[in-house]
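So the mapping is simple: my numbering equals the position in the sequence shown, first residue as 1, plus 30.
For every residue, glycine included, the Cβ atom is placed at its ideal position computed from N, Cα and C.
Structure, as structure tokens:
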Amino acid sequence: MQFKSFDDLSIQDNFIFEKVMREKSICKELLERLLEISILDIAYIETEKTMESGLDDKGVRLDVYVNDDKGTIYNIEMQTYKNMHELVKRSRFYHSAIDHYSMEKGADYMTLNDCFVIFICTFPIFSGKRHKYTYTKKCTEEPGRELGDGLTTIFLSTKAQMNDVSELLQNFLDYVDGRPPVDGLVQQMDEIVHIVKQSKEWRGEYMKLEMDRKKYWREGKEEGMLEAIIGMLHEKLSVEMIARITNMSVEQVIQIGKEHALL
């Protein structure tokens, strides 16, 4: 199996993106840029947030999970795998998991805070024309009437045709797409990327992560993991979903699919 080397990582890779988002001021300013709002403060930041509601329930691991001073929840995900149908369904599950996790037993439904699930995609999305698509629930009979349940899903693309976002947001999307940083926020992000990639500690963490993946891969092959992945591919499960279930990388699952003429 092929693994991405540490030296080849960029802001598009979750390992790097999560490290950058640990810087509170950067995370706050990026949220303001993505949503074009003003945030007084961020209450706390968690990266690689895992939510599990029960032993038999499907869990979810979020890239970046943030609360602001008003209690609003923001989940930011870096997305490189091109499967919009699966991504749309995943956004629904993420909202559900966040609500379930954040609501205490016996609490009133009015305690549920507003929640934004944001996907930063490195490929064209939907029509391919826009950089930003924002979704809330609206009434079919009266299109101007919104449900107002506090749930918002935003899909951002680094590749689009329209001039439809602010210059500052475009600067960020261009940086994710591989272009040089051109303003203060993206320059700060780029500096942290370089710090992470020069860090022996982070390199060691990444190497351990990849060693664990290789170990799981070897053990998985011995214990039937390969057959399980092939079976899931036959059942038309998405590559990313299989990767999450098996703790394999998307690249590993794709290679298996190709080797067995399933992709």
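Beta-bridge partners of aspartate 98 (DSSP): Ile72.
By alpha-carbon distance to glutamine 191, the top candidate from Ile184, Leu203, Leu181, Ile67 is Leu203.
In this structure, leucine 215 sits away from isoleucine 75, with a CB-CB distance that is not shorter than 8 Å. Annotation for cysteine 145: the continuous beta strand (DSSP E) segment containing it runs 145–151. Residue range 103–109 is occupied by the beta strand (DSSP E) that includes methionine 108.
Fully contained in the region 219–273 are the following alpha helix (DSSP H) runs of length 4 or more, in chain order: 230–252, 255–264. Nearest neighbour of serine 157 by Cα position, chosen from Leu186, Asp144, Lys135, turns out to be Leu186.
The DSSP-derived three-state label of lysine 79 is strand. A distance below 6 Å between beta-carbons, with the five flanking residues on each side excluded, links threonine 152 to the following residues of its chain, in chain order: Gln42, Thr110, Thr188. When DSSP states are grouped into helix, strand and coil, lysine 159 belongs to the coil group. A direct Cα-Cα distance of roughly 18 Å separates isoleucine 103 from lysine 167. A straight line joining the alpha-carbon of aspartate 179 with that of aspartate 144 spans about 8 Å. The C-beta of arginine 63 has 16 or more other C-beta atoms within 10 Å across all chains shown, which makes the residue buried. Burial check for aspartate 242: the Cβ neighbour count within 10 Å stays below 16, so the residue is exposed. The residue among Glu59, Glu66, Met108 with its C-alpha nearest the C-alpha of threonine 77 is Met108. Taking lysine 112 as the centre and dropping the five residues before and after it, the same chain places the C-beta of Phe153 closer than 6 Å to its C-beta, in chain order.
Phenylalanine 36 is positioned such that its CB atom lies closer than 8 Å to that of arginine 233. Setting aside the 5 residues that flank it on each side, glutamate 66 is surrounded in the same chain by Ser196, each with a C-beta closer than 7 Å to its C-beta; the list follows chain order.
Residues of the same chain with a CB within less than 7 Å of the CB of glutamate 59, apart from the 5 flanking positions on each side, are Leu215 in chain order.
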